[in-house]
Amino acid sequence: MFKMRKEPLIIIILVVILDQLTKYLVVKNFYYEESIPIINKIFYLTYITNTGTAFGKLQNYGGILLVFSIIAITILSLIIFKQKNIPKINMIAFSFILGGAIGNVIDRIFRGSIVDFLDFRIWPIFNVADSAISIGIILLIYHTMFSKQN
4 MFKMRKEPLI
14 IIILVVILDQ
24 LTKYLVVKNF
34 YYEESIPIIN
44 KIFYLTYITN
54 TGTAFGKLQN
64 YGGILLVFSI
74 IAITILSLII
84 FKQKNIPKIN
94 MIAFSFILGG
104 AIGNVIDRIF
114 RGSIVDFLDF
124 RIWPIFNVAD
134 SAISIGIILL
144 IYHTMFSKQN
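Each residue of the sequence shown is one higher than the one before, counting from 4 in our numbering.
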C-alpha cells in the first residue's frame, strides 16, 4: 500500500498557497510596474511579470521552460513520495523546490508568465516560489557540504 508522506505534502501545499495568494494580492492591488517602498531604498513591492526562469533569466523560452518544469515536478514527486531512505533535510529541500516549481507552473499555465514582486533593488525581482526553490537548493548544498558522510 502506498503511504503518503505528510511532512513534504504540508510544505508543498503551504508553499503553493502562500505563493499563489501573494501573487493574487499583487495582481489585484497593484498596477503593472507599480512599486511601493516597504523599507525605503532597500525593499519594495514591485509588480512585474516574466516569461523566464527564477530571477528573470531565460526570457521568451516559456514553452520549453513549461515542459522542463513539468518534467522536474514529476521527478521530484517520484523522489519525495516513492523513494525510501531519503535524508530528512533532503526531503524538506525537495519539498520546497517542488512547491516553488508548482507555484510558477500554475502562473505559466494560467497567466502565460510569472508574477514577480519582491524587489530588493540589488537583485532581480522575484516571488515566493523562487524563494522556496532557492531555500531548497541551499538546504541541499548545506547537507552535501556538511553531512557526516562527506
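Each residue gets a CB set at the ideal place from its N, CA and C atoms; glycine is no exception.
Terminal residues of the alpha helix (DSSP H) in which SER38 lies:
Segment 38-42 is the beta strand (DSSP E) holding SER38; no alpha helix (DSSP H) there.
Going by the CB atoms, is the gap between LYS44 and ASN130 shorter than 9 Å?
no
State the Cα-Cα distance for the pair ILE41 and LEU48, rounded to the nearest angstrom.
7 Å
Tell me whether ILE117 sits in a helix, a strand or coil according to DSSP, three-state version.
strand
Would you give the residue range spanned by the beta strand (DSSP E) that ILE51 belongs to?
46-53
Where does the unbroken alpha helix (DSSP H) through PRO11 begin, and where does it stop?
9-32
DSSP three-state assignment for HIS146, whether helix, strand or coil:
helix
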